[in-house]
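Structure first, commentary second.
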Amino acid sequence: MFQNFPSTSSARLWSSGSSTSPSPRAPTVATMAAVSAAGIPANSTVYVKNLDERIKLEQLKEALEEIFSEYGTILEIIAKRNLKAKGQAFVVFDNVDSATRAIEEINGFDIFDKPMVLDYAKTRSDATVQREGGSEELEAHKRRRMAEKERKQAQEALEAQKKLKRPAAAAESTRPAKTTKGAGLKPTSGATTAVVPDEYLPPNKILFLRELPDEASEEGLSAVFGRFEGFQEVRLVPGRKGIAFVEYEAEAGAISAKEATSGMPMGEQGKPIRVTYQRQ
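Taken in order, the sequence shown gives residues 1 to 280; the numbers are from the UniProt record's numbering.
This is how it looks when you write it as structure tokens:
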């Protein structure tokens, strides 16, 4: 359990690991060097890891606020319940100096009987972007983050499929190649190319729409998708109902449109449409 902290600056200099009197723990040159050696540019957000995953979020945030508020004004503390984010948090200060002092002085400080591991966050927080660049910069920041997330998902999906294909391909390679009599076909092996599912395709500037209502028109779709930055055109496919393509000037517009319209109900029956990136 996280102990009470002295109200003076001595709170910065000791670890709560001992139930008796705490021992001084000033930051060392090695500790400061490790922070700069990580290669992450200094910024106003501190990344905190090695936190006790069993502690309730509100209790954890209160403890972090008590510790970090000695170093400056905190804009927000971010901690989440999902599996990937457990044991981690982000403390957002209103300036870089506060974050730097916190990292230098309390890296390794015990909280709930576990030493915190501190570093600068790899990216700026939404609160920092909003504060420094305003709403437009914040929206651009979110689009870049979403694009990067979708690229990673696409790569992970491709790698997962490759792993699944390898055992089958290896087993197939030990068998004689099969031919179909009289069909004039070349011998084939069982190996197939891994294909990324449509939902995980990397972002690009063209969206592929499916499961559109039969009555969907170019005008109607333009009214929906033309609201997003850089809209260029809607292309229906002659002789094919239920599908269309929407093109934007750049990825950013397509990303925003996909986020806002994927699963949107459309038509008299209100059936959700599917929106993915065009396969390239």
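Glycine included, each C-beta is placed from N, C-alpha and C at the ideal position. Predicted model, so just to flag it, every value in this text is computed and none were measured.
Listed in chain order, the non-local C-beta contacts of Arg210 below 6 Å within the same chain comprise Ile243 and Arg274, local neighbours out to five positions each way being set aside.
DSSP places Glu268 in the coil class of the three-state scheme, outside both helix and strand.
Judged by DSSP secondary structure, Ala244 falls outside any alpha helix (DSSP H) and instead within the beta strand (DSSP E) spanning Arg240 to Tyr248.
In the structure shown, Asp119 adopts extended strand secondary structure according to DSSP, grouped into three states. Going by DSSP, Gln88 is part of no alpha helix (DSSP H) but of the beta strand (DSSP E) stretching over Gln88 to Phe93. Annotated three-state conformation of Glu58 is helix, per DSSP. According to the DSSP assignment, Phe225 belongs to the alpha helix (DSSP H) that extends over Glu218 to Phe225. Take Lys122, set aside five residues on each side of it, and the residues of its chain with a beta-carbon closer than 7 Å to its own are Ile40, in chain order. Ala79 and Glu70 have their alpha carbons spaced roughly 20 Å apart. Glu76: member of the beta strand (DSSP E) spanning Ile74 to Ile78, first to last residue. For Glu105, the enclosing alpha helix (DSSP H) starts and ends at Val96 to Ile106. With respect to Glu233, Glu247 sits close: the two C-beta atoms are nearer than 7 Å.
Here the alpha carbons of Asn50 and Ala85 stand approximately 11 Å from one another. Secondary structure note for Lys49: it is in no alpha helix (DSSP H), and the uninterrupted beta strand (DSSP E) holding it is Thr45 to Lys49. Setting aside the 5 residues that flank it on each side, Ala99 is surrounded in the same chain by Ser44, Val46 and Phe93, each with a C-beta closer than 6 Å to its C-beta; the list follows chain order. Put simply, of Leu83, Arg81 and Arg101 the residue whose alpha carbon is nearest the alpha carbon of Ile67 is Arg101.
Counting along the chain, the unbroken beta strand (DSSP E) around Ile206 starts and ends at Ile206 to Arg210. Looking only at Tyr277, Lys205, Lys241 and Asp110, the smallest Cα-Cα distance to Glu215 is reached by Lys241.
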